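Trainee: Just so you know, my numbering puts the end of the sequence shown at 106, numbered straight through with nothing missing.
Backbone N, C-alpha and C define an ideal beta-carbon position, used for all residues, glycine too.
Here the structure is a predicted model, which is why all the values come from computation and not from measurement.
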Amino acid sequence: MTLVFSFGILLAQDNQPKSELPSITVKTLDGKSIKASEFSNEGKPYVICFWATWCKPCMMELNAMAELYDDWQEETGIKIYAVSIDDARTCPKVKPLVSGS
6 MTLVFSFGIL LAQDNQPKSE LPSITVKTLD GKSIKASEFS NEGKPYVICF WATWCKPCMM
66 ELNAMAELYD DWQEETGIKI YAVSIDDART CPKVKPLVSG S
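1) Considering only C-alpha positions, which residue in the set T33, E80, S45, I29 is nearest to V103?
2) Measuring CA to CA, which of G36, P27, S28 is closest to P97?
3) Suppose you measure from the CA of T81 to the CA of Y74; what does that come to, to the nearest Å?
4) Using DSSP bridges, identify the partner residues of I53.
5) Taking the beta carbon of T30 as the centre, do at least 16 other beta carbons fall within 10 Å, making it buried, or is it exposed?
6) Tell me which residues share the same chain as M6 and place their Cβ nearer than 8 Å to its Cβ, disregarding the 5 neighbours each side in the sequence.
7) At the level of alpha carbons, what is the spacing between Y86 and Y51?
8) According to DSSP, which residues form a beta bridge with I39?
9) What residue from P101, V88, A93, G105 has the CA that sits closest to S38's CA?
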């Protein structure tokens with residue numbers, strides 16, 4: 006039943022491309038707030054990657070992107086915004102992980 010319901014939600018979604026990001030605010034590692042609508046890259050492509058410290062596939066994806074980032078940057082000028090979805094229990098692990106400590 007859940008599968009059918011989920012499939013129905015997918016069919017009901019508006020599949021038209023959006024020109025704006027949803028109105029959400031995220032915090033940077035240094036505590037500053039930034040609105041998703043402020044994400045930009047001067048007309049060049051950018052990727053918003055949602056991840057968590059407890060998500061092994063997320064960590065694998067971030068590591069793969071990190072390995073390719075310099076080449077992608079040179080070829081396309083791409084910028085990657087990595088947004089952690091960690092909650093209060095795991096959030097303290099984010100900054101050390103990102104800084105490599």
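Mentor: The short version:
1) Translated into positions along the sequence shown, residue 103 becomes position 98. Answer by Cα proximity: T33.
2) Locating residue 97 in the sequence shown gives position 92, counting from the first residue. Taking only the C-alpha atoms, the option nearest P97 is G36.
3) Taking the sequence shown and counting its residues from 1, the one referred to as residue 81 is at position 76. Taking the sequence shown and counting its residues from 1, the one referred to as residue 74 is at position 69. If you draw a straight line from the Cα of T81 to the Cα of Y74, it is about 10 Å long.
4) Residue numbering aside, residue 53 sits at position 48 when the sequence shown is read from its first letter. Y86.
5) The count along the sequence shown starts at 1 and reaches residue 30 at position 25. Around the C-beta of T30, fewer than 16 other C-beta atoms lie within 10 Å, and the residue is accordingly described as exposed.
6) Here residue 6 refers to the residue found at position 1 when the sequence shown is read from its first residue. Because M6 carries a pLDDT of 37, less than 50, the predicted location of this residue cannot be relied on, and the following value inherits that uncertainty. Answer for M6: no residue qualifies.
7) The residue given as residue 86 occupies position 81 in the sequence shown. The residue given as residue 51 occupies position 46 in the sequence shown. Roughly 7 Å between the two C-alpha positions.
8) Looking up residue 39 in the sequence shown gives position 34. Bridge partners of I39 according to DSSP: V31.
9) Locating residue 38 in the sequence shown gives position 33, where the first residue counts as 1. Cα-wise, what sits closest to S38 is V88.
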